[in-house]
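So our numbering is basically just the index in the sequence shown, starting at one, shifted up by 691. Read through the structure below, which is laid out as structure tokens, and then see the notes.
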Amino acid sequence: MNPLCVLTGMLILLTIPHITSAQKTKQEVLKSIDAGYEPYSTIARKIWELAEVGFQETQSSALLQKTLSDAGFTVEKGVAGMPTAFLAGYGDGKPVIGILAEFDALPGVSQDAVPERKEVGGRPAGHACGHHLFGTASTAAAIAVKNWLAANRMQGTIRLYGTPAEEGGSGKVYMVREGLFKDVDVVFHWHPGAENDAGPSSSLANKNGKFRFYGIASHAAASPERGRSALDAVEAMDYMVNMMREHVSQETRIHYVITRGGEAPNVVPAFAEVYYYARHPKRPEAKDLWERLVHAAQGAALGTDTKVEVEVTGGVYDVLPNETLAKIIDKNLREVGGYTYSDREKEFASKIQGSFTGMKPSLDETGKIKEYKLHGAEGGGSTDVGDVSWVVPTAGFSTATWVPGTAAHSWQAVAAGGTSIGMKGMMMAAKTLASSVLDVYSNPSIIEEAWKELKSKTGADFLYEPLIGDRKPALNYRK
Ligand SMILES: [Zn+2]
């Protein structure tokens, strides 16, 4: 048993504290979230253990849905053609405030909640991006806001968006395309991280998908001339793309994995598949890069006498920061404040840092909030929050759910996310989200200002066109 994990067993006892009619101030709302530490940690830990990958998050999604419906939300599940997507709403009329919740894990990063590399048998995936904390903190915040709306008899709607398959599945894109954000005034989100930071940042637009090559099988030694290798086509494509790297702009990111490469060396592979991401801070450039990948694939197929099929499995916009909302989050993050490690957590964190190849920032960083500043897309990642941010004013932040210096998508992120370190960061996030939402209900002029900023950034004639086109959700992209 991990010594940092205060939670035992898999049984979820939902004793989420309900606000009383006397609890009307922000301070009281924050206290009610703090009082939910145990049930919310149990929920997060359960989702961490389930580690369900994109579009297969059946139990994780159901757990969050149940938590919300038990708390009085109306839940609509299976929205926008995705069985694990849902909306949970409470309240009436305007303003409508949205909170995003993610819950998918990453394949191939199985890790126990211990400070050294240790895979967990029977669990092929891991929460290396901390989405178990993301979904749970957002749920905690939505419930606290709902209780506040009820206690104060306020008009307004709080809506939690249960958004599946963030990692490559572009779940939110289908929800935007379906028009599920049309009546929303502002959207808040957050993300697990290695520091506390509300400085708004952009992200890389990303178009991705699978190239499937079809050749002809034959005996690789006895009759190679009768075969046509699909793996050759993958290698030819990869070679061309790798040469292309010299002729793209500096900020470009292209990566691939060969997902199918044949079964046995003595059989000419009749089928091979390579999975590509093309990213750039500017959306039109990401689209152009994708077209160049398609050309390379066609050239590879021609040269190897194979056939190619292309499936776009995902595509996301760059995030459009909204400073009007970001400044409100930053103020609240500072009010909520950071946290410090217990002696045991310190020991765990030092061991984790011992495995780093890069920087080892001070462990005191968890107690600090980064200086507010506007970041670019240099963080390097992509997110389907991007699409949301172009159609409704959207802002987010990160808290230190991982040991300072931890890279996302690493085993170290999975490890800390399963302990009280992750839970402490998660509670900070829940409180910051709830406070920020309360500020908007209390001062609706923020909405007008946030929309003015959005319109000035997108331009008046901006028309949303998803990078995924009109395809249906790629429900099998992890299979
Ligand atoms: Zn993530």
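Cβ atoms here follow ideal geometry from the backbone N, Cα and C, with glycine treated the same way.
Distance check for residue j and residue i, CA to CA, integer angstroms please.
i       : j       : result
Ala1091 : Ser829  : 16 Å
Ala908  : Asp923  : 12 Å
Met934  : Phe902  : 18 Å
Ile788  : Asp876  : 6 Å
His1062 : Glu1026 : A quick correction: the sequence has Glu, not His, at residue 1062. Each residue's Cα considered, the two are about 14 Å apart.
Ser892  : Thr854  : 20 Å
Trp839  : Thr848  : 12 Å
Met1119 : Gly1113 : 10 Å
Ala977  : Arg1162 : 18 Å
Leu1124 : Leu791  : 10 Å
His818  : Val800  : 8 Å
Arg736  : Trp881  : 18 Å
Gly952  : His1066 : 40 Å
Glu858  : Leu797  : 7 Å
Arg844  : Gly870  : 29 Å
Lys1042 : Pro806  : 6 Å
Ala842  : Leu1166 : 40 Å
Phe1047 : Gln802  : 16 Å
Val878  : Val948  : 34 Å
Ala889  : Thr1057 : 14 Å
Gln1103 : Gly1116 : 15 Å
Val766  : Lys1064 : 37 Å
Ala713  : Leu1024 : Low confidence applies here, because Ala713 scores a pLDDT of 46, under 50, leaving its location unreliable; read the following figure in that light. Answer to the nearest angstrom: the Cα atoms are 25 Å apart.
Ala1099 : Val720  : 31 Å
Ala988  : Phe825  : 37 Å
Ala1171 : Leu1145 : The structure shown has nothing for residue 1171, since the chain only spans 692 to 1170.
Glu1036 : Gln1044 : 12 Å
Thr995  : Val1076 : 39 Å
Ser726  : Ser732  : Note that residue 726 is Ala in the sequence shown, not Ser. Distance between the alpha carbons of Ala726 and Ser732: 11 Å.
Ala896  : Arg974  : 5 Å
Leu755  : Thr716  : 26 Å
Ala1151 : Pro1164 : 29 Å
Tyr639  : Ser1033 : In this structure the chain extends from 692 to 1170, so residue 639 is not present and cannot be described.
Gly763  : Ala921  : 54 Å
Can you tell me where the beta strand (DSSP E) holding residue i begins and where it ends?
i       : result
Ser1089 : 1089-1091
Val877  : 877-879
His1066 : First-last for His1066: undefined, no H or E at that position.
Asp783  : 777-783
Gly789  : 787-792
Leu851  : 847-853
Thr765  : 765-768
Gly884  : 882-884
Could you say which of the options lies nearest to residue i if we only look at CA atoms?
i       : options                            : result
Lys898  : Lys1115, Ser861, Asp876            : Ser861
Ala1136 : Leu1016, Gln802, Leu1024, Lys1115  : Sequence check: residue 1136 is Ser here, not Ala. Closest option to Ser1136, Cα to Cα, is Leu1016.
Ser1127 : Lys1022, Asp1152, Phe794           : Lys1022
Ile1159 : Thr1085, Thr1149, Thr1004          : Thr1004
Tyr1168 : Gln718, Tyr731, Leu1054, Phe746    : Phe746
Val999  : Asp1009, Met1050, Val925, Ala856   : Val925
Thr1149 : Val1010, Ser1111, Ala1099, Ser1053 : Val1010
Lys722  : Ala1121, Ser1147, Glu1038          : Ala1121
Thr775  : Phe764, Glu748, Ser760             : Glu748
Leu759  : Ile734, Gln846, Leu1024, Met1050   : Ile734
Glu916  : Ala896, Val958, His946             : Val958
Thr950  : Gly900, Val1076, Ser751            : Gly900
Asn887  : Trp1142, Gly1087, Gly1045          : Gly1087
Ser1080 : Gly1049, Val864, Tyr968            : Val864
Ile1020 : Lys1051, Ser1053, Ile1060          : Ile1060
Ala963  : Gly812, Val1001, Ala835, Tyr781    : Val1001
Trp739  : Ser1111, Asn1134, Ile1138          : Ser1111
Gly780  : Ser1147, Arg850, Ser1089           : Arg850
Rounded C-beta distance between residue i and residue j? I'm assuming under 8 Å.
i       : j       : result
Asp783  : His822  : With 8 Å as the limit, Asp783 and His822 do not qualify as a contact, their Cβ atoms being about 30 Å apart.
Asn1013 : Pro1084 : 5 Å
Thr1097 : Val1007 : Actually they are not in contact, since the Cβ atoms of Thr1097 and Val1007 sit about 24 Å apart, beyond 8 Å.
His971  : Glu937  : With a Cβ gap of about 16 Å, His971 and Glu937 do not count as contacting.
Tyr1155 : Val1105 : The Cβ separation is near 34 Å, so there is no contact.
Gly906  : Thr997  : 4 Å
Asp1078 : Val770  : Actually they are not in contact, since the Cβ atoms of Asp1078 and Val770 sit about 15 Å apart, beyond 8 Å.
Ala1068 : Ser894  : 6 Å
Pro883  : Gly1108 : 7 Å
Val965  : Met931  : Going by Cβ atoms, the distance from Val965 to Met931 rounds to 12 Å, so no, they are not a contact pair.
Along the chain, where does the alpha helix (DSSP H) containing residue i start, and where does it finish?
i       : result
Glu741  : In the sequence as presented, Glu is not what sits at residue 741; that position holds Leu. Note, Leu741: alpha helix (DSSP H), 728-741.
Gly860  : 857-860
Phe825  : 822-842
Asp725  : 717-725
Thr758  : 749-761
Gly1150 : It is not in any alpha helix (DSSP H) - Gly1150 carries neither H nor E in the DSSP assignment.
Tyr1155 : Note, Tyr1155: premise wrong, no alpha helix (DSSP H); not H, not E.
Is residue i close to chain D, meaning its C-beta is less than 8 Å from at least one C-beta of that chain?
i       : result
Leu1024 : Annotation note: the requested chain D is absent from the structure, which comprises a single protein chain.
Taking 7 Å as the cut-off, is the beta-carbon of residue i closer than that to any non-hydrogen atom of ligand 2?
i       : result
Glu1144 : The model on display carries ligand 1 but not ligand 2.
- Uninterrupted beta strand (DSSP E) stretches inside the region 992-1056 (no shorter than 3 residues): Within the region 992-1056, the complete beta strand (DSSP E) runs of at least 3 residues are 998-1007.
- Note down, one range per segment and in chain order, each alpha helix (DSSP H) of at least 4 residues found wholly within the region 902-965. The qualifying runs are 921-935.
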